[in-house]
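Asker: Protein sequences appear in the order of chains S and E. Residues in the first sequence are numbered consecutively from 1, following my numbering. Residues in the second sequence are numbered consecutively from 1001, following my numbering. Glycine is no exception: its CB is placed at the ideal position from the N, C-alpha and C atoms.
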Amino acid sequence: MMDCKQATRLLSEQQDRNLSRREKFALKFHVFMCKACRNFGQQMGTLRDLARSYAKGEGNTPRQSEDSNSNDK
Amino acid sequence: MTESVPVGRGGMEAGRASGAQTLQDTQFLTELRQQMLKFARLQLRDDDQAEDAVQEALAGALKNADSFKRQAALRTWVFSILKYKIADILRYRQRVIATSELGDDEHREQAFMDGLFDSGGHWHKAERPSSWSGPQGGVHSDHFWRVFDACLNGLPEKQARVFMMREFIELESEEICEQLTLSTSNLHVTLYRARLRLRACLENGWFEPSKAEEVTP
Chain S
1 MMDCKQATRL LSEQQDRNLS RREKFALKFH VFMCKACRNF GQQMGTLRDL ARSYAKGEGN
61 TPRQSEDSNS NDK
Chain E
1001 MTESVPVGRG GMEAGRASGA QTLQDTQFLT ELRQQMLKFA RLQLRDDDQA EDAVQEALAG
1061 ALKNADSFKR QAALRTWVFS ILKYKIADIL RYRQRVIATS ELGDDEHREQ AFMDGLFDSG
1121 GHWHKAERPS SWSGPQGGVH SDHFWRVFDA CLNGLPEKQA RVFMMREFIE LESEEICEQL
1181 TLSTSNLHVT LYRARLRLRA CLENGWFEPS KAEEVTP
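(1) Does at least one heavy atom of the ligand FMN sit under 6 Å from the Cβ of V1078 (chain E)?
(2) Between S:L50, S:E23, S:A55, which has its C-alpha nearest F1144 (chain E)'s C-alpha?
(3) Output, in sequence order along the chain, the residues in the region 1074-1097 of chain E whose CB is closer than 8 Å to any CB in chain S.
(4) Interface residues of chain S around E1167 (chain E) at Cβ under 8 Å?
(5) Should A1059 (chain E) be labelled buried (16 or more other beta-carbon atoms within 10 Å of its own) or exposed?
(6) Between E:Q1027, E:T1030, E:R1041, which has its C-alpha nearest E1157 (chain E)'s C-alpha?
(7) Taking all protein chains shown into account, do 16 or more other C-beta atoms lie within 10 angstroms of the C-beta of K1085 (chain E), making it buried, or fewer, making it exposed?
(8) With a threshold of 7 Å between beta carbons, is R1128 (chain E) in contact with chain S?
(9) Counting C-beta neighbours from all protein chains within 10 Å, is the total for R1108 (chain E) 16 or more, i.e. buried, or is it exposed?
(10) What span of residues does the alpha helix (DSSP H) with S53 (chain S) cover, start to end?
(11) May I ask which residues mark the beginning and end of the alpha helix (DSSP H) holding A1111 (chain E)?
(12) Mind listing the chain E neighbours of S12 (chain S)? Cutoff is C-beta to C-beta under 7 Å, in chain order.
(13) Distance check for V1054 (chain E) and T1030 (chain E), CA to CA, integer angstroms please.
(14) So, does the region 1192-1209 of chain E touch the region 24-32 of chain S, judging by three or more C-beta pairs under 8 Å?
(15) For a test of the three-state rule: what should DSSP assign to W1123 (chain E), helix, strand or coil?
(16) Secondary structure at L1152 (chain E), three-state DSSP: helix, strand or coil?
(17) Excluding five sequence neighbours on each side, which residues of the same chain lie with their C-beta closer than 6 Å to the C-beta of L1116 (chain E)?
(18) Could you check where the alpha helix (DSSP H) with M1164 (chain E) kicks off and where it finishes?
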């Protein structure tokens, strides 16, 4: 059976290439049995979403606290 | 990139805070410029080239600034121009840099993997990824993005560069391999290592900070 190291490698690679049918099957089986790798797989998607938001400048929105100056006076 | 967006028609005087005005808002512009510089430096690791890319992206954006009513839309637009500029610079660089500069330290990587997985290839107990659906999930606060920044900065250079080309600039695998003269399997393993590091860093720094405390001696 596939181990966690192999499973996580495939979970990363499926972001970049199509897995073969055999890889998909073995991965599915492993992930079904292993919660840690299931979480890892979800995090791969989250990581991609986060990176895309960041690259739109979203991670760089000005801080609220800096605006607080305008309340002075 | 080249598409020209129609400029707002007249007769809509009321509430028209156009992009041109937005770009005259000095505080907004100064902040935007700082954010872009940070983003460009992170990827280019060269201050002069980062300055140039930001300058060109801003100049490019200025031409179409009128069509942006909101600052958020303008920011997205300017960042997308900046991404193209960075991709261009990286593309050009490929011809100039020796790839050896991008070497990865195999000993360091081996030690890193041993820290995550046992000899049977299973997660060490303390390293098992947890669910990110807790109270911290989905919260993209300013503080979160600072953690994200720190995690990116903590990546080894080659991994950071490849990850950013793939996930920020959204280049296809083939193009990254070509630009950096990497084999496909080399690209995959590099992205894998970057993702392992980033997810661990985000989990310890943001999603499950208590877990990190348990582990630290």
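Answerer: Taking the coordinates as given:
(1) Only the bare structure without any ligand can be found here, which leaves the ligand FMN out of the picture.
(2) The option with the nearest alpha carbon to F1144 (chain E) is S:L50.
(3) Under the 8 Å Cβ criterion, the region 1074-1097 of chain E contributes R1075, T1076, V1078, F1079, S1080, K1083.
(4) Within chain S, the residues L47, R48, A51, R52, A55 have their CB atoms less than 8 Å from the CB of E1167 (chain E), given in chain order.
(5) Looking at its Cβ environment, which holds fewer than 16 other Cβ atoms inside 10 Å, A1059 (chain E) is exposed.
(6) Sorting E:Q1027, E:T1030, E:R1041 by C-alpha distance to the C-alpha of E1157 (chain E) places E:R1041 at the top.
(7) Result: buried.
(8) Closer than 7 Å to some Cβ of chain S, the Cβ of R1128 (chain E) qualifies, so yes.
(9) Its Cβ having fewer than 16 others within 10 Å, R1108 (chain E) is exposed.
(10) First-last of the alpha helix (DSSP H) with S53 (chain S): 35-54.
(11) Looking at the DSSP string, the run of the alpha helix (DSSP H) that includes A1111 (chain E) is 1106-1116.
(12) By Cβ distance, chain E contributes L1191, Y1192, R1195.
(13) Their Cα atoms are separated by approximately 12 Å.
(14) No, the region 1192-1209 of chain E does not touch the region 24-32 of chain S.
(15) Reduced to three states, the DSSP call for W1123 (chain E) is strand.
(16) In this structure, DSSP gives L1152 (chain E) a helical state, which the three-state scheme calls helix.
(17) In its chain, beyond the 5 residues on either side, E1127 have a beta carbon closer than 6 Å to the beta carbon of L1116 (chain E).
(18) It spans 1157-1167 - the alpha helix (DSSP H) in which M1164 (chain E) sits, taken as one unbroken run.
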